Structures are given as C-alpha cells and as structure tokens.
Amino acid sequence: SAVISQKPSRDICQRGTSLTIQCQVDSQVTMMFWYRQQPGQSLTLIATANQGSEATYESGFVIDKFPISRPNLTFSTLTVSNMSPEDSSIYLCSVFFRGSLEQYFGPGTRLTVT
Amino acid sequence: LAKTTQPISMDSYEGQEVNITCSHNNIATNDYITWYQQFPSQGPRFIIQGYKTKVTNEVASLFIPADRKSSTLSLPRVSLSDTAVYYCLVGDIQAGTALIFGKGTTLSVSS
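As given, the protein sequences belong to chains R and L, one line each in that order. First residue of the first sequence: 19, per our numbering; consecutive thereafter. First residue of the second sequence: 116, per our numbering; consecutive thereafter.
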C-alpha cells in the first residue's frame, strides 16, 4: 500500500496568480499521475509524471499551464499557472506500483480561484 | 481505451444488496476491470479488481461474464456509509498506464 500526502489541502487564490501543489509518497514509485476533478464531475487525467523523463500531458492540458516536476521517486509538484476561476477544482495525485494491481490516490487539493 | 457505461445514480435502503452493472464493450485482452469508491472531499479508494469470472473480497464481489463486455459490482447489505460515487474502470493495469475515469454511479443509501 501507499500513503500519499498533498499540500496544501485547500487554497483560495486570486485570478492571474500561480499555485504549486506538492505530492509526497511514503515509498518509491516510478509512475505518478495528476488528475483534476471539477465540482460535481468525474476525474480527468492531466498528465503522467515518471521520474527521469518529461511529463506526458493529456489532450487539453499543456506544460505552460500545468508545469510538473518530478525530482525523485517519492515527490512531485504540479503548478497551476495564471489561474482563472475555471481552474477551481480538486487536484489529486496518484501513484502506481509495478507488480501491484492498484492505483492509489492522495486526498486532493481543493483550489478556489476568485 | 475501452469506454465504460454505468448508471448515473442508484437508490437503495440499508440492509439491501446493491448491484451496479458496467458496460465495456471494447475491452481489450490485457485489460483488467477495477472498481473505485469515492466519498465527498476524498480521493478514490480501491474496492475490487478482476479479469474474469468472479472475485470476492471482504467488502464486495465482482462478477464478470465470459465475454467480459460487462461487469457487476455487488455490495452485500449496504449501510448509510456506503453512500458514495462508484467508478468502473477498464485498463491494462500491468502496463502501468493511468486509469481513465468515466462518469461513475452515485449510490444513495437511505434508512
């Protein structure tokens, strides 16, 4: 199993600013993913962040808007840049262990942009 | 990627068995079927996973017919605390690709 923590748990930000969300895992993982969940909606995959390589973004998400860092096997950050109210969502990180059949999710970061 | 279709919502009463069926007509040979549960303000939590036939654990059973084009999550004797959104996901788990979420089923359990 994995214990995943995210910081901050929630934040209220002004339009046009940026927020960096941290994801910490209690064990080393190769594959880490970032999702967004807008109010009342399902989860949408933003990008896959594997250590040692550039993040791979899904359609509709770009690096300039959502830069991701993955400096080691237990940590990643997602930055939401130049925020607008449409970025108000819950952002979740998730990890997958090779050999495991389960993908684990963090508690999420609730972002409100005013 | 295989797309999943499941009911938007279901209602039940405490103590009843709840069966949520998911359709995945385009499932690939290497795909597993995984169900997750999500409570408000929490990340999704793994419930059960299977490839074929029947899988049972301490909280649920998963029934998968031979053609694997659908699956049914069975929750025995639900309680109020089972009120949540349930997601059916299909993917090649062993390839390590991220799970793609559909719309999910909102289960409401009443007393």
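We treat Cβ as the ideally placed atom computed from N, Cα and C, and that holds for glycine. Predicted, not measured: the structure shown is a model, and the values here were computed from it.
Smallest Cα separation from GLN46/R: which of LEU96/R, LEU63/R, ALA67/R, ASN90/R? Here the question's residue 46/R lines up with position 28 in the first sequence. Among LEU96/R, LEU63/R, ALA67/R, ASN90/R, the Cα nearest to that of GLN46/R is on ASN90/R.
Verify whether the separation of the beta carbon atoms of SER196/L and GLU132/L is less than 9 Å. If you number the second sequence from 1, residue 196/L lands on position 81. If you number the second sequence from 1, residue 132/L lands on position 17. No.
Give the interface partners of GLN56/R over in chain L, defined as CB-CB distance under 8 Å, in chain order. Your numbering for residue 56/R matches position 38 in the first sequence. In chain order: nothing, as chain L lies at least about 12 Å away.
Taking C-beta to C-beta, are LEU177/L and LYS169/L nearer than 9 Å? Looking up residue 177/L in the second sequence gives position 62. Looking up residue 169/L in the second sequence gives position 54. Cβ atoms of LEU177/L and LYS169/L: closer than 9 Å.
When you compare only the Cα positions, how much space is there between LEU96/R and TYR151/L? Locating residue 96/R in the first sequence gives position 78, where the first residue counts as 1. Locating residue 151/L in the second sequence gives position 36, where the first residue counts as 1. Roughly 24 Å between the two C-alpha positions.
Residue-chain proximity (PHE51/R, chain L), Cβ-Cβ < 9 Å: Position 33 of the first sequence, counted from the first residue, corresponds to residue 51/R. It does; some Cβ of chain L falls within 9 Å.
Which chain L residues are close to SER116/R, counting only those with a beta carbon under 9 Å from its beta carbon? What you label residue 116/R is simply residue 98 of the first sequence in a count that begins at 1. Correcting the residue identity first, residue 116/R is Arg in this sequence and not Ser. Per Cβ cutoff of 9 Å: GLN209, GLY211.
Does any C-beta atom of chain R lie closer than 9 Å to the C-beta of ILE215/L? Here residue 215/L refers to the residue found at position 100 of the second sequence. For ILE215/L, the answer is yes, since a Cβ of chain R falls inside 9 Å of its Cβ.
Presumed contact (8 Å Cβ cut-off) between THR212/L and GLY206/L, rounded CB distance: By 1-based counting over the second sequence, the position of residue 212/L is 97. By 1-based counting over the second sequence, the position of residue 206/L is 91. Correct: roughly 6 Å between the Cβ atoms.
Does SER223/L get closer than 9 Å to chain R when you measure Cβ to Cβ? Taking the second sequence and counting its residues from 1, one reaches residue 223/L at position 108. Taking Cβ atoms only, chain R never reaches closer than 9 Å to SER223/L, which makes this a no.
Expressed to the nearest angstrom, what Euclidean distance is found between the alpha-carbon atoms of ASP126/L and ARG192/L? Walking along the second sequence from the start, residue 126/L turns up at place 11. Walking along the second sequence from the start, residue 192/L turns up at place 77. Spanning the two alpha carbons is a distance of roughly 13 Å.
I think GLY126/R touches ILE108/R, with their Cβ atoms under 8 Å apart; what is that distance to the nearest whole Å? Within the first sequence, numbered from 1, the residue matching residue 126/R stands at position 108. Within the first sequence, numbered from 1, the residue matching residue 108/R stands at position 90. Sure, about 4 Å apart at Cβ, within 8 Å.
By DSSP's criteria, ASN68/R is part of a beta bridge. Which residues make up the other side? Position 50 of the first sequence, counting from 1, holds the residue named residue 68/R. According to DSSP, which records beta bridges pairwise, ASN68/R is partnered with MET49/R.
Can you pull the chain L neighbours of GLY124/R, defined as C-beta to C-beta under 9 Å? Taking the first sequence and counting its residues from 1, one reaches residue 124/R at position 106. Here the neighbours are GLY158.
Three-state secondary structure assigned by DSSP to GLN59/R: Here residue 59/R refers to the residue found at position 41 when the first sequence is read from its first residue. DSSP places GLN59/R in coil when its eight states are reduced to three.
Presumed contact (8 Å Cβ cut-off) between TYR201/L and LEU222/L, rounded CB distance: Residue numbering aside, residue 201/L sits at position 86 when the second sequence is read from its first letter. Residue numbering aside, residue 222/L sits at position 107 when the second sequence is read from its first letter. The Cβ separation is near 6 Å, so the contact holds.
Local conformation of SER118/R per DSSP, three classes: Numbered from 1 along the first sequence, position 100 holds the residue referred to as residue 118/R. Three-state DSSP puts SER118/R in coil, outside helix and strand.
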